[in-house]
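Numbering (the UniProt record's numbering), first residue to last: 1 to 1206.
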């Protein structure tokens, strides 16, 4: 041992002792017995590195917590980031009050180089406080800029010096003249010294910086790595280079006997730029034999591909020392074949898209959550890069693009900030893509090494090496995990050739075809090509009728046959059918493109065919010859192997059938209409074998009287929206002493009627503003058959004259009149009589029905009148509004019995009905208010209101422009009777309908007062009927009505526990049925008084009685509340005064309501007596009481009965 080395060992002894005291005896590492000087020097360097790290931590413990820390950041930091800049960030956060954690790793003085979830949370707190949005915990450009603006004197954190093997540094080579220079050095942000445990993957050891001179890009073809430090080569299961994004570059390598390996994945350093490459190590699952060993990785050589390139470096370039550990229980990731894996080898034709070739299930172990960061799939099949396209990795349902390695064998996908898998859970990963080329080649996406799947533990921050349940590597491409590479040997996908399938097409439907005309459709076929265009050198088609009925021996009856694509271009032919065979063969090579395309057979049928012969074409695709994929060159067999038959064509000569249609219907129209449709003429070519040309047609005009032809002008025939005769071809009428005139309509250009259709021409004319008489009647029809000059149709293709067929039908009569009409009546939807609360709006009073004839009429004015004026006044109404459905079209205020309302946009269609709703806003009732209780408010159409011109209700005819006056008698609607407050009654169910000998409820109902006011009640009449057999002693005694304020019938609403009737009554067996209940709830002295239901509340009433001596089998009781069927009784008049004014001795007495006693004095219709309390609470002597007629919920006979049985 040299004296220099002895002095160095002595100088560090105290530091080593201190370090051991601080870190525990675990720091003492096993040392081999036979130690060389180099081995001892390696251990000393490792100890020095650990001492430097402990000193840094000790300095932080002694004073770092309260010191402001300034850092310089050159990159973004997030969960999973490592380095001294992460440590400086933690120090800055701790010193600024945003503590990473209170104790342990990351706490003040114990900052680490790993960015985990605790660091993320502290960053988020800092971002929130400093106004950085979003406060997501990502240390990106915005956060770094904010930090820089706040930092006083930023400094770059300095990593502790890491001793390296004392190898004599190489002397940098001087650049050759004219040579590009590649400068290689250790990166300033080296990985922090730490552990190298079991099942680690891509563990960073040494970070390198490679810089190219400005004169050329430099391709690095290999890096030579040496294992240095006091460790065995076997601690590494592989060494790999990582790019700037942490992605593995190429395949990992293992050390040779010289402790060296060469990484041969090429990469480029751009001219004038730098690249950062990290040397990383993988470990297997068992490091027990190497516990405590110290290892580092050194770069000892760089080879560039091009020359001359001078590499400038001080080799070896050695990174920090890592300590082998076999005890740390980091997370695990277990792999299995995923649910999206195809499960077997498949064949996919060229053109297949989005096919999943391999799939994995990733399951996190129970020790920690994991983050999946990237994957590298090895394409070991024979397919080239150009054979596949759009390759994507799908992880947890999200698609990620891939980049392909330079050799085309590795497809790498990165997953952004990573995809988290919670411990104990799993996620699915798969790879998919499109098959673009490469027939008979294979696609095989394997996971070559477990380390090709980059997964990081989120608790300890180490990259983990996945594992799987393996089998022996006995079979290739069997979709199993195996004990040799590739670790996941996926199923192989074989690239097939393209495919071609033929189907019958409806693009050319069954139709008529002509004889002896070229290009007649004979059938169509859809050709479906997948994967690649397909060329066919020969196709055979067979015809069902290959010779006509008048067969001439040896003749070819189907000729000039072509195969036409969808653009009309002939791709094969023309050829003729064989003279003695039904077959027709195309020998032109046709290239069918990818996709579904329609091809049509067209040809010419000879005159041997007769009308109604049929013909169809078929082909058997598997019999087509020389069929190949144009990309692969592989022979393809078309499908199916059975005959495919096109639609059947029917041989027809040219034909045309003409007739007059039954529309428009017989009707009356006003004169002056422009473009009035007088007739519709039908032209039918459904039986024609070719399109039909027509240059003119003749129409016979029939008139109801002579010399009326000039009432029609500008007559044209219209094909839809197009006039066929314009300009000088327009026809006008001319008077003639006749009732029928023929008119020839010459078209501006030939009108072509396609075969197989029915076309309609509309005959339209202008009518004169006035007719020669009050009405004039016209009929139109086509000319009867037999005239040679009616029309001369010709075949569009053949040019032959076609003899048309006529249906001699007469058109419908159209009668012209000078004006339309409008009639008004009460519509059936108009409401019946009912009670309405005063001081309310939009109450429907009546519905009118307007009926127009001959033309549409816009009603602009409506005469109104109060109906039954003896029972109402205009003061009962604030205003009247008029409604067309939900749209208000007018309103009026009646200052007298009559009024005229102006309507807006109320149009009654021609020959149709339309309703108009009359609604009233009712005035208030009270001492100082104008309306009166009991008034029957009716607003009617005023059929008698007229001026010198006509009825006040009038409008404008939309065709004639004339004023149209309404007809119809004054309507008589039911009207509505008004009161200040109207009760609403509701039948309620009994708690039980069982009849027993006890005091029990017999009937229940409620009375509700509106919010407008209180309702007074004077009398209820209940029908109580009993039924028994042989028990004369059966009786119901103590009949009482009680009122409650709640639906539970528990809170009395009146005195005496809610008892309202003035005296109890007894019902004996066989007694009467109508029982009148008067009210005296306070005194119970027999004087009838009123009870009240306060505004907006409900009172609940219950009839009870004591049942005795009932029969257990035959006794029944049936009870109902009686109503009233009329407002008055016979000759009775309310109050005895018909004047509409205050009557009686004081205010509050009205002519259309009376005292309670007077209503009670009616011979009939006095079963329910109530008051709307028009001014104040009405006493029984006030003229403000009425019966129950039309009260809501109370039928005119009786409310639903309740029957009680034993």
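Positions of the beta carbon are idealized from the N, C-alpha and C atoms, including for glycine.
Same chain only: Cβ atoms within 7 angstroms of residue i, ignoring 5 sequence neighbours per side
| i | result |
| --- | --- |
| residue 957 | 670, 819, 820, 855, 857, 964 |
| residue 1201 | 1118, 1119, 1120 |
| residue 966 | 822, 823, 824, 951, 953, 954 |
| residue 1209 | Lying before the first or after the last residue shown, residue 1209 is absent from the chain, which here runs from 1 to 1206. |
| residue 137 | 120, 121, 123, 124 |
| residue 545 | 613, 614, 615 |
| residue 1107 | 995, 996, 997, 998, 1000, 1036 |
| residue 395 | 372, 415, 419, 427, 429 |
| residue 1061 | 1040, 1041, 1077, 1078, 1079 |
| residue 399 | 392 |
| residue 801 | 792, 794 |
Start and end residues, beta strand (DSSP E) containing residue i
| i | result |
| --- | --- |
| residue 123 | Taken as a continuous stretch (DSSP letters only), residue 123 belongs to no beta strand (DSSP E), being part of the alpha helix (DSSP H) at 117 to 130. |
| residue 258 | It is not in any beta strand (DSSP E) - residue 258 carries neither H nor E in the DSSP assignment. |
| residue 457 | 453 to 457 |
| residue 330 | Careful: residue 330 lies outside any beta strand (DSSP E) and carries neither H nor E. |
| residue 525 | 520 to 530 |
| residue 625 | 625 to 629 |
| residue 511 | 511 to 513 |
| residue 274 | 274 to 282 |
| residue 204 | 203 to 212 |
Assigned exposure category for residue i - 16 Cβ within 10 Å defines buried
| i | result |
| --- | --- |
| residue 439 | buried |
| residue 435 | buried |
| residue 1197 | exposed |
| residue 689 | buried |
| residue 373 | buried |
| residue 758 | exposed |
| residue 805 | exposed |
| residue 142 | exposed |
| residue 7 | Interpretation of residue 7 is limited by its pLDDT of 32, a score under 50 that renders its predicted location unreliable; the figure taken from the coordinates is listed afterwards. That one is exposed. |
| residue 581 | exposed |
| residue 853 | buried |
| residue 593 | exposed |
| residue 320 | buried |
| residue 1190 | buried |
| residue 583 | exposed |
| residue 179 | buried |
| residue 783 | Residue confidence is low: residue 783 scores 42 on pLDDT, short of 50, so the model does not pin down where it sits. Its coordinate-derived value is still stated next. Flag for residue 783 reads buried. |
| residue 938 | buried |
8 angstroms contact criterion, which residue i and residue j should meet: CB distance rounded
| i | j | result |
| --- | --- | --- |
| residue 566 | residue 597 | 6 angstroms |
| residue 936 | residue 903 | Incorrect: roughly 26 angstroms between the Cβ atoms, too far for contact. |
| residue 240 | residue 222 | Contact doesn't hold; Cβ gap of about 14 angstroms is too wide. |
Span of the alpha helix (DSSP H) around residue i
| i | result |
| --- | --- |
| residue 86 | 84 to 95 |
| residue 150 | 141 to 150 |
| residue 1160 | 1156 to 1160 |
Proximal residues to residue i (C-beta, below 6 angstroms), its chain only, five neighbours per side dropped
| i | result |
| --- | --- |
| residue 528 | 501, 596 |
| residue 1093 | 1007, 1009, 1015, 1099 |
| residue 724 | 717, 747, 751 |
| residue 572 | 563, 586, 588, 590 |
| residue 980 | 838, 925, 1013, 1172, 1174 |
| residue 217 | 268, 270, 271 |
| residue 697 | 745, 791 |
8 angstroms CB neighbourhood of residue i in its chain, flanking five on each side removed
| i | result |
| --- | --- |
| residue 286 | 198, 326 |
Closer than 7 angstroms: residue i CB and nearest the ligand GDP heavy atom
| i | result |
| --- | --- |
| residue 882 | The ligand GDP is absent from the structure shown, which contains no ligands of any kind. |
Extract the residue ranges of the beta strand (DSSP E) inside the stretch 385 to 435, only unbroken runs of 3 or more that lie entirely within it. 388 to 395, 398 to 401, 410 to 421, 426 to 435
What are the start and end residues of each continuous beta strand (DSSP E) run of 3 or more residues lying completely inside the stretch 557 to 594, in chain order? 558 to 564, 570 to 575, 583 to 586, 590 to 592
Taking the runs of the beta strand (DSSP E) that are 3 residues or longer, which of them lie wholly in the stretch 997 to 1061? 999 to 1008, 1015 to 1027, 1035 to 1044
Contained beta strand (DSSP E) runs [length at least 3] in the stretch 1163 to 1188, N- to C-terminal order: 1169 to 1171, 1185 to 1187
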